[in-house]
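In my numbering, each number is its position in the sequence shown, counted from 1, plus 43. Take a look at the structure set out below.
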Amino acid sequence: MKTRIAVCMTLTMLSIGFVSARGEATTEEKQIATASEWLALVDGGDYSKSWNEASAHFRGAVTEESWNASLTSGRQPLGKPVKRRIVKVETPSELPNAPDGSYAVLVFDAAFEHKSTAMEIVTLILEKDGKWRVIGYVIR
44 MKTRIAVCMT LTMLSIGFVS ARGEATTEEK QIATASEWLA LVDGGDYSKS
94 WNEASAHFRG AVTEESWNAS LTSGRQPLGK PVKRRIVKVE TPSELPNAPD
144 GSYAVLVFDA AFEHKSTAME IVTLILEKDG KWRVIGYVIR
């Protein structure tokens, strides 16, 4: 009985050690998670929340009303996503018409109910609070 307890405790300690050794998610994993969570808002039609969750620069450049109208006319007709797969992540330090900073440009291969092939480009900026937020979104 003592052997079983010792084995269980050893296995528990080892598993805690592996989690600690793994540490936090990589920067790229955080970027992909941020973009994916934000895209889920758009997919669900929660355009106002996607605007609220975007970067300060984004919210300063686009009003919530025009964002909602843009997605209602441009994204909504595509229907629900059928597939979405990350194909590229780039990390430039500057972008046209945007302040210098740390960026991530994520390109997704996507398909929707009413559009069989598309590319979604989600651009993130690392804000002063240390969080990645959306600064741009394009469907091609």
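All C-beta atoms, glycine included, are put in the ideal place defined by N, C-alpha and C.
Excluding five sequence neighbours on each side, which residues of the same chain lie with their C-beta closer than 6 Å to the C-beta of residue i?
i	result
Arg127	Phe151, Ala153
Ile182	Ala161, Glu163
Pro135	Tyr146
Under three-state DSSP, which class holds residue i?
i	result
Arg183	coil
Val165	strand
Arg127	strand
Val171	Strictly speaking, residue 171 in this sequence is Lys, with Val absent from that position. Coil at Lys171, not helix or strand.
Glu133	strand
Ser113	helix
Taking the alpha carbon of residue i as the reference point, which residue from the options has its own alpha carbon closest?
i	options	result
Arg176	Arg183, Leu167, Ile182	Leu167
Glu156	Lys174, Thr134, Pro120	Pro120
Tyr146	Glu170, Ser159, Lys158, Gly88	Glu170
Lys123	Gly88, Pro135, Pro139, Ser116	Gly88
What does the Cβ neighbour count give for residue i, buried or exposed, with the cut at 16 atoms within 10 Å?
i	result
Glu163	buried
Val85	buried
Gly179	buried
Ala78	buried
Val165	buried
Ala112	exposed
Ala97	buried
Going along the chain, which residues of its own chain have a beta-carbon closer than 8 Å to the beta-carbon of residue i, five neighbours each way excluded?
i	result
Ile75	Ile129, Val132, Leu149
Asp143	Ser136, Glu137
Which same chain residues end up closer than 7 Å to residue i when comparing Cβ atoms and leaving out the 5 residues on each side of it in sequence?
i	result
Ser93	Trp81, Leu84, Val85
Arg102	Trp94
In the DSSP assignment, the beta strand (DSSP E) including residue i goes from what residue to what residue?
i	result
Val150	146 to 155
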